[in-house]
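Reviewing the structure listed below.
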Amino acid sequence: MRYSEEEVQAFILDTNGIHHLPRAAFAEIMRQRPYEEVRGKKLIFIDMKYWISFRIVLDNETTSMAQEQKILYKNIYHQLIQLTEKAEVACVVSDSILTEIEKMPLEKKLKTASLMDKLKITVILNGLNACSLEFINIDRISVGKQPIENYHLSSVYEANRFLTAMTFKKLEDEPNLLFNLLYDSISGMTVEEYLKETDGDFYDASEQFAQIMNDTKQIDTSPHNYKGLLIQGLKSQIEPLKNILKHSPIGQIDPVKHLPLYRTHAPFLYLHSAIHAAINIEISRKVHKNDFYDLSHSCIGVGYADYFFTEKKFHHLLKSKPIDCTSYYKCEIYSEPLEIMNLLKQLNNN
Numbered sequence: 122m123r124y125s126e127e128e129v130q131a132f133i134l135d136t137n138g139i140h141h142l143p144r145a146a147f148a149e150i151m152r153q154r155p156y157e158e159v160r161g162k163k164l165i166f167i168d169m170k171y172w173i174s175f176r177i178v179l180d181n182e183t184t185s186m187a188q189e190q191k192i193l194y195k196n197i198y199h200q201l202i203q204l205t206e207k208a209e210v211a212c213v214v215s216d217s218i219l220t221e222i223e224k225m226p227l228e229k230k231l232k233t234a235s236l237m238d239k240l241k242i243t244v245i246l247n248g249l250n251a252c253s254l255e256f257i258n259i260d261r262i263s264v265g266k267q268p269i270e271n272y273h274l275s276s277v278y279e280a281n282r283f284l285t286a287m288t289f290k291k292l293e294d295e296p297n298l299l300f301n302l303l304y305d306s307i308s309g310m311t312v313e314e315y316l317k318e319t320d321g322d323f324y325d326a327s328e329q330f331a332q333i334m335n336d337t338k339q340i341d342t343s344p345h346n347y348k349g350l351l352i353q354g355l356k357s358q359i360e361p362l363k364n365i366l367k368h369s370p371i372g373q374i375d376p377v378k379h380l381p382l383y384r385t386h387a388p389f390l391y392l393h394s395a396i397h398a399a400i401n402i403e404i405s406r407k408v409h410k411n412d413f414y415d416l417s418h419s420c421i422g423v424g425y426a427d428y429f430f431t432e433k434k435f436h437h438l439l440k441s442k443p444i445d446c447t448s449y450y451k452c453e454i455y456s457e458p459l460e461i462m463n464l465l466k467q468l469n470n471n
């Protein structure tokens, strides 16, 4: 179900950058809809690999996957169905996973979406702090000297991503796109309906990002230190978003002196910078566009969810030094299907 016109108006700011609704009233709307289904539940973030595997085994697609693995993935999906029916967990994905699905052939795309809808997944915008119910007040967003319509987004990273898209696509003359991003994010459509409606609208800048990072590595011969790159990454994100962040706990805090505060209050910004830093200190490592999908998923999966199902290589990156995120985030990361199966059985039996 979509927001009412009155509720949509709550997102619009007047010329002074002030909400038409008091902040408390606005926050309460955001708490109740459309994320009421995640409150009080265990959150399971499911990475792209598993959605593809679910579709392959449940739709009997031709695959080289061993029979034992097929049975395992079928059982994992059915265990998830049981948990969602009990209303004890909420399955979560990021909108960047929808971007990946969008690229599939139509039949596979809709079948994957159908599997998501059966699990009643919650789609969260990159950077949206919905799971922890922390909201950041965005006053004004501008590209260059041209102001964009003043709308409130609950997502720091989505605003950042929007500005990046503006840079790449030169959309200075399309300020309403910001509102469209917001409105799409708060609609109550199923994934299948959403993908049909937005067919072709997703913009994927990951290939350009990867090329930029690889070019930078070749040019920059200075010593690479993880902590230095982490702080540099945080500063580069904070500067263009300083007006957005000023109402948050990290608004006036120097990341050099207060790194743990960023880790606690801005998991998205912290993990985004940490993963970039970990990738960049490996000078010989070539960055691929899929690294950005993994990066995007993990910022939600690790920062906000209780459980994160991902691929082995990314699991290793996240749990190993220098990132070592499992030592300070509650999220449990899994990449072995058998371990996931055992976890879900345990949750179902509790």
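So for the sequence shown, our numbering puts the first residue at 122; every next one is plus one.
We treat Cβ as the ideally placed atom computed from N, Cα and C, and that holds for glycine.
(message) Assuming contact is defined by CB atoms lying nearer than 8 Å, are VAL213 and THR233 in contact in what I supplied?
(response) no
(request) Go ahead and label LYS230 buried or exposed: buried means 16 or more other beta carbons lie within 10 angstroms of its beta carbon, across all protein chains shown. (result) buried
(message) Rounding to the nearest angstrom, what Cα-Cα distance links HIS418 and GLN190 in this structure?
(response) 24 Å
(message) Going by beta-carbon coordinates alone, are LYS224 and ALA331 separated by less than 8 Å?
(response) no
(request) Could you say which of ASP336, GLU314, HIS199, ILE444 lies nearest to CYS420 if we only look at CA atoms? (result) ILE444
(request) Could you tell me which residues DSSP pairs with TYR428 in its beta bridges? (result) ILE165, GLU453
(request) Going by CA-CA distance only, name the one from ILE454, ILE352, ASN463, LYS162 that's closest to LEU382. (result) ILE352
(request) Would you identify the three-state DSSP class for THR311, choosing helix, strand or coil? (result) coil
(message) Does ASP412 pass the burial test, meaning 16 or more other C-beta atoms within 10 Å, or should it be called exposed?
(response) buried
(message) Using the three-state DSSP reduction, which class does VAL475 fall into: helix, strand or coil?
(response) One cannot answer for residue 475 here, as it falls past the ends of the chain, which runs 122 to 471.
(message) Is the beta carbon of LYS466 closer than 8 Å to that of GLN188?
(response) no
(message) Using only the alpha-carbon positions, how far apart do ILE450 and ALA395 sit?
(response) First, the residue type needs correcting, since residue 450 is Tyr and not Ile in the sequence shown. Cα to Cα, TYR450 sits roughly 14 Å from ALA395.
(request) Please say whether ILE404 and LEU350 have beta carbons closer to each other than 8 Å? (result) no
(message) Please state the DSSP three-state secondary structure of THR243.
(response) strand
(message) Please report the distance separating the alpha-carbon of ARG384 from that of HIS436.
(response) 19 Å
(message) Quick check: the Cα distance between GLY422 and LYS356, rounded to an integer number of angstroms?
(response) 23 Å
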